[in-house]
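**Student:**
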Amino acid sequence: NAGVIQTPRHKVTGKGQEATLWCEPISGHSAVFWYRQTIVQGLEFLTYFRNQAPIDDSGMPKERFSAQMPNQSHSTLKIQSTQPQDSAVYLCASSPTGTEVFFGKGTRLTVV
Amino acid sequence: QQKVQQSPESLSVPEGGMASLNCTSSDRNFQYFWWYRQHSGEGPKALMSIFSDGDKKEGRFTAHLNKASLHVSLHIRDSQPSDSALYFCAASSNSGTYQRFGTGTKLQVVP
Chain A
4 NAGVIQTPRH KVTGKGQEAT LWCEPISGHS AVFWYRQTIV QGLEFLTYFR
54 NQAPIDDSGM PKERFSAQMP NQSHSTLKIQ STQPQDSAVY LCASSPTGTE
104 VFFGKGTRLT VV
Chain B
862 QQKVQQSPES LSVPEGGMAS LNCTSSDRNF QYFWWYRQHS GEGPKALMSI
912 FSDGDKKEGR FTAHLNKASL HVSLHIRDSQ PSDSALYFCA ASSNSGTYQR
962 FGTGTKLQVV P
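If you read the sequences in order, they're chains A and B. Using our numbering, you'd call the opening residue of the first sequence number 4 and step up by one each time. Using our numbering, you'd call the opening residue of the second sequence number 862 and step up by one each time.
1. Where does B/S916 fall in DSSP's three states?
2. According to DSSP, is B/S910 helix, strand or coil?
3. Short check: CB of B/S945 to CB of B/L968, under 8 Å?
4. Determine, using beta carbons only, whether B/T964 comes closer than 8 Å to chain A.
5. At the level of alpha carbons, what is the spacing between B/G828 and B/C884?
6. Any C-beta of chain A within less than 9 Å: which residues of the region 883-914 of chain B qualify?
7. Please classify B/K875: does DSSP put it in a helix, a strand, or coil?
8. Does the distance from the CB of B/T923 to the CB of B/H932 come in under 8 Å?
9. How is the beta strand (DSSP E) around A/D59 delimited, first residue to last?
10. Return the Cβ separation of A/E21 and A/K65 in integer angstroms, given the expectation that the two are a contact with Cβ distance under 8 Å.
11. Is the region 911-930 of chain B close to the region 100-113 of chain A, with three or more CB pairs under 8 Å?
12. Check whether the region 7-17 of chain A touches the region 54-69 of chain A, taking contact to mean three or more Cβ pairs, one atom from each stretch, closer than 8 Å.
13. Give me, in chain order, the residues of the same chain whose beta-carbon lies closer than 8 Å to that of B/Y959; leave out the 5 immediate sequence neighbours on both sides.
14. Of all the CB atoms in chain A, is at least one closer than 8 Å to the CB of B/F922?
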């Protein structure tokens, strides 16, 4: 069990460019979550899927962020027109039942 | 305003000492609690959950929950340098929804 796999581990984008972050959840886990971590805000919930269906995206900035889960083995978080304030560590997590959550190591996004 | 508040922001304890971390949920709908630990460069890892009033002990870690006040604490006895990490409290509304996290407590255990 390799755990939740996130790629890339680090990504640098120019202001205004698009960034796509990838997540491979633990096989068999039905729930997939995306969080954003900054020093100031801590861990902020973005969105989650259960059995590939979007359940709650109340934490997603509406205009430039989108998340998809096209199949049970991966999810993507896309940020269009990235801004410096989007710089953060983006964490993907999965859970078998929605109780204990298993996190990946995160993707550190830097917008320059 | 953060709906899950943690204190202190940082904490330094001597090796072998007791570390005490606090957490409060301001939303009565979010009353199932988890403690996570995050070492540098890693994602958070669950330490333990507590859903009922009272104490729950797992090894050197003891969590205490007061549901009336939605306050949960984590006590680490015989702290080790390897316990140095960022500790997060998380609250959820039931077993099937997302967890809200606090901003974390940075614990340093000094040899």
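Note that CB positions come from ideal geometry on N, CA and C, so glycine has one too. Please read these numbers as outputs of a predicted model, since none were measured by experiment.
**Tutor:** Once the coordinates are examined:
1. The displayed chain sequence assigns Asp, not Ser, to residue 916 of chain B. In the structure shown, B/D916 sits in a strand (DSSP, three-state: E or B).
2. strand
3. yes
4. yes
5. The question about residue 828 of chain B has no answer here: the residues shown for chain B are numbered 862 through 972.
6. Y893, W895, Y897, Q899, G902, E903, G904, P905, K906, A907, S910
7. Checking the sequence shown, residue 875 of chain B turns out to be Pro, not Lys. B/P875: strand per DSSP, three-state reduction.
8. no
9. 56-59
10. 17 Å between Cβ atoms; not a contact.
11. no
12. no
13. S953
14. no
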